[in-house]
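Chemist: Quick one: this structure, given as structure tokens, is what I'll be asking you about.
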Amino acid sequence: MSSSPTPGRDPAADTAGTARPAPASTVSDSEADVLRGYYRQMALIRAFELRAAEMYTRAKIGGYCHLNLGEEATCVGLMAALRSTDYLFTTYREHGYALARGADPGRVMAELFGRTTGMSGGRGGSMHLFDTELRLLGGYGIVGGQLPLATGAALAISYRGEPGSGSEAVMCLLGDGTTNIGAFHEALNLAAVWHLPIVYVIVNNQLGMGTPVAAAAGEPELFRRGCAYRIPGTRVDGGDVLAVRDAARMALEQARAEHHPRLLETVSYRLRGHSVVDPARYRTPEEAAQLREKDPVPALRIRLIEEGILTPQSADRIDEEADQQVSLAVDFADAGPAPGVETLFDHLYATEVANVFPGLPGDPLPCEQAINRAQDGA
Numbered sequence: 001m002s003s004s005p006t007p008g009r010d011p012a013a014d015t016a017g018t019a020r021p022a023p024a025s026t027v028s029d030s031e032a033d034v035l036r037g038y039y040r041q042m043a044l045i046r047a048f049e050l051r052a053a054e055m056y057t058r059a060k061i062g063g064y065c066h067l068n069l070g071e072e073a074t075c076v077g078l079m080a081a082l083r084s085t086d087y088l089f090t091t092y093r094e095h096g097y098a099l100a101r102g103a104d105p106g107r108v109m110a111e112l113f114g115r116t117t118g119m120s121g122g123r124g125g126s127m128h129l130f131d132t133e134l135r136l137l138g139g140y141g142i143v144g145g146q147l148p149l150a151t152g153a154a155l156a157i158s159y160r161g162e163p164g165s166g167s168e169a170v171m172c173l174l175g176d177g178t179t180n181i182g183a184f185h186e187a188l189n190l191a192a193v194w195h196l197p198i199v200y201v202i203v204n205n206q207l208g209m210g211t212p213v214a215a216a217a218g219e220p221e222l223f224r225r226g227c228a229y230r231i232p233g234t235r236v237d238g239g240d241v242l243a244v245r246d247a248a249r250m251a252l253e254q255a256r257a258e259h260h261p262r263l264l265e266t267v268s269y270r271l272r273g274h275s276v277v278d279p280a281r282y283r284t285p286e287e288a289a290q291l292r293e294k295d296p297v298p299a300l301r302i303r304l305i306e307e308g309i310l311t312p313q314s315a316d317r318i319d320e321e322a323d324q325q326v327s328l329a330v331d332f333a334d335a336g337p338a339p340g341v342e343t344l345f346d347h348l349y350a351t352e353v354a355n356v357f358p359g360l361p362g363d364p365l366p367c368e369q370a371i372n373r374a375q376d377g378a
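Residue 105 in UniProt numbering sits at position 105 of the sequence shown; the count goes up by one each step and never skips.
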């Protein structure tokens, strides 16, 4: 198990929100391209989430909507560590992960709008993005609902192949509050007993809804909570995209090679409330100002400009392109049709089931239809 930060010290304070200049000569052209790509992805997620909040206030998006504002570095870093053959299970705060995994922004926005052109055909909404080609096997609205399913996917992998660097792995995201529910401990225990190739990532944004982690967890250093199952854990600054990527990549490679789970905690700060309807009154104005200073998007922008990887003008162009992409996504979502009422009961079962009534509420049952026909004939 890796060492943890000094108790009481903010694990993200060393880097987030500040520039860390390095000589430009130490960054190769290929590395510079990668860093520019990470900033482009983070800018897209930021623009997307801001527009999603706006669309919610305009009643274009219904139901629940949870944003990744402030967690962009974690989103991009984790997704950069995955191979295309790895499987991803997310929480309900998932838009940024889908975008960083390669989902089309228009399809993501269309799902939020509840349109048939969305990732889940308009049936899932914000909390239930799904794409088998990307091996994104869902966001889950039930806290911890993804844990047993992700563990089961890792079990399937272990049946299909032998341990080795070429094998698949599973990444399962969860929030800090999820570490207190039974499914967390059950899943970790089974993963350890069965030696499964899975990395559980605790995205710790400091608050379980409105409750600080220290007020709800007997062990607030959440990466330690795998100790009871002999699962190695690591904590990383979730505001540093490179630190997140490298820690996640190492955990995945270890889980792949050893077929044994890993636990990774990324520490970040969400800049808004738990959902778009949460005014976050549990934060003082002073605390909100401090969080804005730790915003990972401008922090990376500053860093790349100081390192000569971006200029202010090229960074502005990236920001503008992100806004344009999101505007096109909104147009695409708006143009898509809503699912028809006649499809309400489609996809209830994975395979055909005998005697399933195909009608809508209020329609006569088959037996009633037969009686009516008989009466009409008489």
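All C-beta atoms, glycine included, are put in the ideal place defined by N, C-alpha and C.
According to DSSP, what are the bridge partners of Y87?
Modeler: In DSSP, Y87 forms a bridge with V170.
Chemist: Hey, could you find the ends of the beta strand (DSSP E) R160 is sitting in?
Modeler: Run containing R160: none in the beta strand (DSSP E); it sits in the alpha helix (DSSP H), Q146 to R160.
Chemist: Scan the stretch 54-139 and note each continuous alpha helix (DSSP H) run of 4 residues or more that stays entirely inside, going in chain order.
Modeler: If we require 4 residues or more, the alpha helix (DSSP H) runs fully inside the stretch 54-139 come out as 72-81, 95-101 and 105-112.
Chemist: Between E307, L136 and V170, which has its C-alpha nearest E94's C-alpha?
Modeler: Comparing Cα-Cα distances from E94 to each of E307, L136 and V170, the minimum goes to L136.
Chemist: Just to confirm my understanding: we take V143, look at its own chain, exclude 5 residues before and 5 after, and list those with CB closer than 7 Å. What are they?
Modeler: So the list reads G177, T178 and I181, once near-sequence residues are dropped.
Chemist: Are at least three pairs of beta-carbons, each pair with one atom in the stretch 60-70 and one in the stretch 266-285, less than 8 Å apart?
Modeler: Verdict: yes, contact present.
Chemist: Go through its chain and collect everything with a Cβ distance to G141's Cβ below 6 Å, but skip five positions before and after it.
Modeler: Y92 and M127.
Chemist: Ends of the beta strand (DSSP E) at D237?
Modeler: Per DSSP, D237 belongs to the beta strand (DSSP E) from G233 to D237.
Chemist: What is the DSSP secondary structure of G175, reduced to helix, strand or coil?
Modeler: Strand.
Chemist: Would you mind giving the Cβ-Cβ distance between L147 and A183, rounded to the nearest angstrom? I have them listed as a contact below 8 Å.
Modeler: The Cβ separation is near 5 Å, so the contact holds.
Chemist: I'd like to know whether the C-beta atoms of F223 and L174 end up nearer to each other than 8 Å.
Modeler: No, these two residues do not count as a Cβ contact at 8 Å.
Chemist: Could you compute how far the alpha carbon of T117 sits from the alpha carbon of A329?
Modeler: Cα-Cα distance, rounded: 11 Å.
Chemist: From C172 to M119, what distance separates their C-alpha atoms?
Modeler: Each residue's alpha carbon lies about 19 Å from the other.
Chemist: Near L155, what residues of its chain come up, given a Cβ to Cβ distance below 7 Å and the 5 sequence neighbours on each side ignored?
Modeler: For L155, where only same-chain residues beyond five positions count, the Cβ hits under 7 Å are W194 and L196.
Chemist: Let's see if you can read the secondary structure: which residues bound the alpha helix (DSSP H) around E321?
Modeler: Counting along the chain, the alpha helix (DSSP H) containing E321 begins and ends at P312 to A335.
Chemist: Distance check for Y38 and I309, CA to CA, integer angstroms please.
Modeler: Computed Cα separation, rounded: 12 Å.
Chemist: Tell whether a beta-carbon distance below 8 Å holds between G114 and E49.
Modeler: No.
Chemist: Kindly indicate which three-state DSSP category I198 falls into: helix, strand or coil?
Modeler: Residue state, collapsed to three classes: strand.
Chemist: Could you work out which residue in R83, D131 and A247 is closest to E265 when comparing CA atoms only?
Modeler: The residue with the shortest Cα to Cα distance from E265 is A247.
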